[in-house]
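Residue numbers (the working numbering): 18 to 406.
For every residue, glycine included, the Cβ atom is placed at its ideal position computed from N, Cα and C.
Report on one structure; see the data block that follows.
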């Protein structure tokens, strides 16, 4: 049975100057995850590639286990991260245990490790550049029917870069060969587990995803208005200060999770950042946007529409630059990336936005707090492929 496309619940844009690629969309959450993969793999023989992170997160293998149980025999690209610093004994042991479990699950002969140097002082997008190079060196993906990017244990810049590059590369393959390869993004989401993790140390520098600089310092665009959409999670004051200082935005539109599993979470995040947003940054409360915590495609639509309103409102004045900072959950971060990608590469009539994704990486991670079983929800986002045709 073919999966049913879902229309975004929010209303349409006020004009048709921008056509959204991911409306309708296909999202399979938790209970639907297993049934989707069983039916998808049973429909015909598929050659499958899973790209995942070599990390210490206890959720690192959840999606791969469930896809394997659904009948897949995947090849694995394991992204290994090196920031040049010594890891703690706990994180080292947990990472190695995940690698051992992955080898037992899929077979060591099916795993290719791609080494990525992450973070570099005073180098604006080193992590993103190094991620792109590692994927390019890994070889062709044209032989696969389905590519799955599991971002559960990936650093944010690695995850967003990998998704953006794969969308672009697979679109190019289809345009030149006519062959449509499916791209899925999966994650094991647990806001409670993220909140329990010990806080790490932030990098001193603001970085960007390659291709999404927003032309921040481009000559001749210094006076173009800058609109900043920080997609908020808990405890992000330090990141926000660093990014705001780097951008010096003319307008700020904070994005908070709503609806969410905890009904008051969005309000609590605003309360936690009230001083920095409204006193220090002088953001207008009326500019607050709400985006679904557990539906990245609804978040995508909210952000895309808000960005497009600024694009249309300011086009007679020379346009504007839009910056989306994903300082939130991985699901909301994917929604933000898709909004930026669609404005940069999608079907836009007239002038396009200059789009940037600025972020401050974690330089040194804190140890996870392991105190019993972690409750997670699995999500599969079908980003491109057969369903679009």
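Legend entry - Rounded straight-line distance, which links the Cα of residue 310 to that of residue 294: 20 Å
Legend entry - Beta-bridge partners of residue 199, as assigned by DSSP: Under DSSP, residue 199 shares a beta bridge with 163.
Legend entry - Boundaries (first-last residue) of the beta strand (DSSP E) holding residue 415: Nothing about residue 415 can be read from this structure; the chain reaches only from 18 to 406.
Inset, instruction - Pull up the distance between the alpha-carbon of residue 28 and that of residue 319, whole angstroms please. - result: Legend: pLDDT at residue 28 = 47, less than 50; position of this residue unreliable, no value from coordinates given.
Inset, instruction - Please name the residue, chosen from 153, 69, 178 and 47, that lies closest to residue 357 on a Cα-to-Cα basis. - result: When only C-alpha atoms are compared, the closest one is 178.
Inset, instruction - Decide if residue 266 is buried, meaning its Cβ has at least 16 other Cβ atoms within 10 Å, or exposed. - result: buried
Legend entry - Length-filtered (3 minimum) beta strand (DSSP E) runs lying within the stretch 240-305: 243-249 and 272-274
Inset, instruction - Classify residue 156 as helix, strand or coil using the three-state DSSP reduction. - result: coil
Inset, instruction - Use the C-beta contact count for residue 325: other C-beta atoms within 10 angstroms, 16 or more gives buried, fewer gives exposed. - result: Answer is buried; the Cβ neighbour count reaches 16.
Legend entry - C-beta atoms of residue 199 and residue 402 nearer than 7 Å: yes
Legend entry - Unbroken alpha helix (DSSP H) run spanning residue 83, endpoints: 79-86
Inset, instruction - On a CA-only basis, which of 39, 299 and 70 is nearest residue 313? Give me that one, please. - result: 39
Inset, instruction - Report the residue from 341, 349 and 392 whose alpha carbon sits nearest the alpha carbon of residue 372. - result: 341
Inset, instruction - State yes or no: is the C-beta of residue 269 within less than 7 Å of the C-beta of residue 223? - result: The answer is no: Cβ separation not under 7 Å.
Inset, instruction - Please report how far the alpha carbon of residue 305 lies from the alpha carbon of residue 78, in whole angstroms. - result: 35 Å
Legend entry - C-alpha gap between residue 156 and residue 76, whole angstroms: Roughly 27 Å between the two C-alpha positions.
Legend entry - Short Cβ contact (7 Å threshold) for residue 169 with residue 205: yes
Legend entry - Cβ pair count under 8 Å reaching 3, the stretch 233-247 against the stretch 333-349: yes
Inset, instruction - Measure from the alpha carbon of residue 365 to the alpha carbon of each residue in 322, 280, 334 and 164, then state which is nearest. - result: For the residues 322, 280, 334 and 164, the minimum Cα distance to residue 365 belongs to 322.
Legend entry - Cα-Cα separation, residue 289 to residue 252: 8 Å
Inset, instruction - Taking residue 45 as part of the beta strand (DSSP E), name the residues at either end of that continuous run. - result: 43-46
Inset, instruction - Report the partner residues of residue 372 according to the DSSP bridge assignment. - result: 339
Legend entry - Distance, residue 142 Cα to residue 174 Cα: 9 Å
Legend entry - Buried or exposed by the 16-neighbour rule on C-beta atoms within 10 Å, applied to residue 153: exposed
Legend entry - Contacting residues, own chain, Cβ-Cβ under 7 Å from residue 33 (five flanking each side not counted): Bear in mind that the predicted position of residue 33 carries a pLDDT of just 41, short of 50, making it unreliable; the figure below should be weighed with that in mind. Taken in chain order, the list of residues that qualify is empty.
Legend entry - Contacting residues, own chain, Cβ-Cβ under 7 Å from residue 236 (five flanking each side not counted): none
Legend entry - Alpha-carbon to alpha-carbon, residue 162 and residue 377: Spanning the alpha carbons of residue 377 and residue 162 requires a straight line of approximately 35 Å.
Inset, instruction - With DSSP as the reference, label residue 190 as helix, strand or coil. - result: Residue 190 carries a helical assignment under DSSP once its states are collapsed to helix, strand and coil.
Inset, instruction - Can you grab the Cα-Cα spacing for the pair residue 104 / residue 80, in whole Å? - result: 25 Å
Legend entry - Secondary structure of residue 97, DSSP reduced to three states: strand
Legend entry - Separation of residue 317 from residue 349, as counted between CA atoms: 8 Å
Inset, instruction - In angstroms with no decimal places, state the Cα-to-Cα distance between residue 82 and residue 122. - result: 7 Å
Legend entry - Pairwise C-alpha distance: residue 228 and residue 130: Those two C-alpha atoms are separated by around 25 Å.
Inset, instruction - Indicate the three-state DSSP secondary structure (helix, strand or coil) for residue 448 in the structure shown. - result: With the chain covering 18 to 406 only, the question about residue 448 has no answer from this structure.
Legend entry - the stretch 181-197 contacting the stretch 387-397, beta-carbon criterion three pairs below 8 Å: no
Legend entry - Close-in-space but distant-in-sequence residues of the same chain around residue 55 (CB under 8 Å, 5 per side omitted): The answer, listed in chain order, is 87 and 88.
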